[in-house]
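Below you'll find the structure, written out as structure tokens, and then a few comments.
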Amino acid sequence: MKTVNVAIMGIGTVGGGTYRILTEHRDFLMKTQGIDFRVKKVLDKNLERIRSFGIPEAAAASSPDEIAADKDISLVVETMGGVEPAKTFIEKMLLAGKDVVTANKELISKHWASLEATAKKGGAGLYFEASCVGGVPIIRALQESLQANLINSIVGIINGTTNYILTKMTEEGMSYEAALAEAQQLGYAEFDPTADVEGFDASYKLSILSSLAFHTCVPYTCVYREGITKVTKTDIRMAGEMGYVIKLLAIGKRARDRIEVRVHPTFVPKSHPLAGVGGSFNAVFVNGDFVDDLMFYGRGAGANPTGSAIVSDIVYASKRVSPLYSDFDNNGKAEDGVEIATDFVGKYYISITVNDAPGVLAALSNVFAKNNVSIENLIQKGEKGRAAIFFLTHACNESDVRRAVAEIESQSGESRVENIIRVLE
Ligand code: NDP
Ligand code: HSE
37 MKTVNVAIMG IGTVGGGTYR ILTEHRDFLM KTQGIDFRVK KVLDKNLERI RSFGIPEAAA
97 ASSPDEIAAD KDISLVVETM GGVEPAKTFI EKMLLAGKDV VTANKELISK HWASLEATAK
157 KGGAGLYFEA SCVGGVPIIR ALQESLQANL INSIVGIING TTNYILTKMT EEGMSYEAAL
217 AEAQQLGYAE FDPTADVEGF DASYKLSILS SLAFHTCVPY TCVYREGITK VTKTDIRMAG
277 EMGYVIKLLA IGKRARDRIE VRVHPTFVPK SHPLAGVGGS FNAVFVNGDF VDDLMFYGRG
337 AGANPTGSAI VSDIVYASKR VSPLYSDFDN NGKAEDGVEI ATDFVGKYYI SITVNDAPGV
397 LAALSNVFAK NNVSIENLIQ KGEKGRAAIF FLTHACNESD VRRAVAEIES QSGESRVENI
457 IRVLE
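The opening residue of the sequence shown carries number 37 in my numbering; numbering runs sequentially from there.
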């Protein structure tokens, strides 16, 4: 039987999950895949953590060079996270001809082009199913199962931490801080939660998914990004009253040579299937020109689901006759002639507090009308001479909304725009 010796660099949440699956399912994988996967070396800063998995001391590598020099190891898992030293370690492995499997979306979204060039130089493969949407096999689906289609859009909840926080705030009235602490305790959050709550993590993933879906590099720097830190309990309550729930959505669309990529809190109609995706669960809607709508749903974070994706890449890489590379010119830039959009069309929720006086509402309506922003619905709530007005617009250009809001804020100083949230149609 074929043996594949594997090394794991970083045996924390995801590396630990991977190790457990490879050891607990060793016999099962031998039976079903005809390959004996053995974890030969583990590298981690923390020797205690290595011991806690019952891994013999002899398997603890003292440096990445020890792994790179080990001719018996043909595949290396990188689950340390961050850009450096993960990038340098991965490059060493690729140049030594070892396939690399990683869960590191930050690294892939920032350095995919150069890492793929290094992989080609070393004759090795670079696989990253676990980098996007945890245990959900969305990358393989885009690379392999949907080639027949021009993908029109990919819309999803692709960050478990923020979905967990928003779900707890919506369903249990929990505070943002308490919900974040729970998500961290459960191992969903990144080491620095800013990456999750400010939308960086989702923008890294959307950059990778959109590049695969639209067959061109979509740099993460082109993804419009807004996190969930400005979403208040009032916004959540008003969304409910208006028939919506708030979700952090990642939206990628391609229409001919125009690509739209954005991550932001969004009002999702309660009737939409994404509205029911709760807790750390993730879901991605894909629309292809021939396949039509597809929905991928599952756990987007955590040791076992993400370990499951890593092990699927380990098996996949070990069974390929040659490495898999991108099917587009992976040079870090969108292809010539492709425009990455900076203005969007949609409906908006706009929350404004004003002095409750005659003519105030008429003045606001006037500013909206002047800037081509048409109001579909509004709710007013008053308290001690101040009123909060919550507008829902018809579809309009975001640039028009921004202009109207700037005009309102510059007027008397007594009207304050509290929040603007886009609405999914
Ligand atoms: P953890 O912090 O739990 O694990 C990382 C491990 O790597 C820790 O044991 C850490 O040690 C060790 N490590 C870090 N740097 C080095 C180094 N230079 N040399 C040796 N060991 C090192 O992270 P996660 O498992 O949560 O995440 C790992 C990767 O997986 C990240 O890229 C993350 O984005 C990605 N990911 C995580 C998911 C999740 O649910 N957690 C889901 C999908 C992807 P120490 O703690 O001492 O620093
Ligand atoms: N922090 C990430 C999340 C982990 O919450 O979705 C999975 O990539």
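C-beta atoms are modelled at their ideal positions from N, C-alpha and C, and glycine is treated no differently.
Everything numeric in this text was worked out from a predicted model, so none of it was measured.
Rounded to a whole number of angstroms, what is the C-alpha to C-alpha distance between residue i and residue j?
{"i": "residue 319", "j": "residue 291", "result": "22 Å"}
{"i": "residue 274", "j": "residue 435", "result": "24 Å"}
{"i": "residue 312", "j": "residue 248", "result": "27 Å"}
{"i": "residue 463", "j": "residue 216", "result": "Outside the shown range of the chain, which is 37 to 461, sits residue 463, and nothing can be said about it."}
{"i": "residue 150", "j": "residue 127", "result": "9 Å"}
{"i": "residue 262", "j": "residue 235", "result": "6 Å"}
{"i": "residue 420", "j": "residue 287", "result": "40 Å"}
{"i": "residue 176", "j": "residue 88", "result": "33 Å"}
{"i": "residue 393", "j": "residue 401", "result": "14 Å"}
{"i": "residue 412", "j": "residue 117", "result": "45 Å"}
{"i": "residue 193", "j": "residue 321", "result": "9 Å"}
{"i": "residue 20", "j": "residue 44", "result": "Here the chain has residues from 37 to 461 only, and residue 20 is not among them."}
{"i": "residue 224", "j": "residue 233", "result": "12 Å"}
{"i": "residue 240", "j": "residue 336", "result": "14 Å"}
{"i": "residue 294", "j": "residue 250", "result": "10 Å"}
{"i": "residue 36", "j": "residue 418", "result": "As displayed, the chain neither begins before 37 nor continues past 461, which places residue 36 out of reach and without an answer."}
{"i": "residue 138", "j": "residue 167", "result": "7 Å"}
{"i": "residue 53", "j": "residue 356", "result": "24 Å"}
{"i": "residue 377", "j": "residue 258", "result": "9 Å"}
{"i": "residue 185", "j": "residue 156", "result": "27 Å"}
{"i": "residue 111", "j": "residue 211", "result": "43 Å"}
{"i": "residue 76", "j": "residue 152", "result": "25 Å"}
{"i": "residue 230", "j": "residue 399", "result": "38 Å"}
{"i": "residue 341", "j": "residue 94", "result": "28 Å"}
{"i": "residue 289", "j": "residue 238", "result": "15 Å"}
{"i": "residue 136", "j": "residue 113", "result": "6 Å"}
{"i": "residue 144", "j": "residue 310", "result": "26 Å"}
{"i": "residue 178", "j": "residue 326", "result": "14 Å"}
{"i": "residue 103", "j": "residue 42", "result": "10 Å"}
Which term fits residue i, buried or exposed, when burial requires 16 or more other beta carbons within 10 angstroms of its beta carbon?
{"i": "residue 92", "result": "exposed"}
{"i": "residue 121", "result": "exposed"}
{"i": "residue 147", "result": "buried"}
{"i": "residue 205", "result": "buried"}
{"i": "residue 269", "result": "exposed"}
{"i": "residue 256", "result": "buried"}
{"i": "residue 82", "result": "exposed"}
{"i": "residue 298", "result": "buried"}
{"i": "residue 164", "result": "buried"}
{"i": "residue 244", "result": "buried"}
{"i": "residue 408", "result": "exposed"}
{"i": "residue 361", "result": "exposed"}
{"i": "residue 39", "result": "exposed"}
{"i": "residue 279", "result": "exposed"}
{"i": "residue 276", "result": "exposed"}
{"i": "residue 125", "result": "buried"}
{"i": "residue 406", "result": "exposed"}
{"i": "residue 296", "result": "buried"}
{"i": "residue 180", "result": "exposed"}
{"i": "residue 266", "result": "exposed"}
{"i": "residue 68", "result": "exposed"}
Looking only at its own chain, which residues have a Cβ that is under 8 Å from the Cβ of residue i, when we skip the five neighbours before and after it?
{"i": "residue 37", "result": "66, 70, 71, 72"}
{"i": "residue 222", "result": "200, 316, 338"}
{"i": "residue 453", "result": "386, 387, 388, 441, 444, 445"}
{"i": "residue 410", "result": "404, 429, 430, 432"}
{"i": "residue 214", "result": "204"}
{"i": "residue 314", "result": "199, 203, 207"}
{"i": "residue 50", "result": "115, 139, 166, 339, 342, 343, 346"}
{"i": "residue 416", "result": "397, 423, 424, 425, 426"}
{"i": "residue 381", "result": "431, 432, 433, 434"}
{"i": "residue 173", "result": "165, 332, 345, 348"}
In chain order, what residues of the same chain have a beta carbon less than 6 Å from the beta carbon of residue i, not counting five sequence neighbours either side?
{"i": "residue 323", "result": "188, 189, 329"}
{"i": "residue 460", "result": "302, 304"}
{"i": "residue 307", "result": "none"}
Near residue i, what residues of its chain come up, given a Cβ to Cβ distance below 7 Å and the 5 sequence neighbours on each side ignored?
{"i": "residue 344", "result": "57, 171"}
{"i": "residue 154", "result": "127, 130, 131"}
{"i": "residue 47", "result": "55, 78, 80, 85, 86, 89"}
{"i": "residue 252", "result": "364, 370, 371, 374"}
{"i": "residue 379", "result": "433, 434, 435"}
{"i": "residue 272", "result": "205, 206, 282"}
{"i": "residue 220", "result": "229"}
{"i": "residue 352", "result": "163"}
Answer yes or no: does any C-beta atom of chain C fall closer than 8 Å to that of residue i?
{"i": "residue 416", "result": "Of the protein chains in this structure there is only one, and it is not chain C."}
Task: Touch test, the segment 128-139 against the segment 158-166, Cβ-Cβ under 8 Å, three pairs minimum - done: yes
- [ ] Please write down, chain order preserved, every residue whose beta carbon lies under 6 Å from a heavy atom of the ligand HSE.
- [x] 170, 195, 196, 197, 224, 225, 226, 232, 237, 336, 337
Open item on the list: With three or more beta-carbon pairs closer than 8 Å as the criterion, would you say the segment 383-398 touches the segment 97-115?
Closed with: no
Open item on the list: For the segment 375-388 against the segment 422-442, do three or more pairs of beta-carbon atoms, one drawn from each stretch, fall closer than 8 Å, so that the two count as touching?
Closed with: yes
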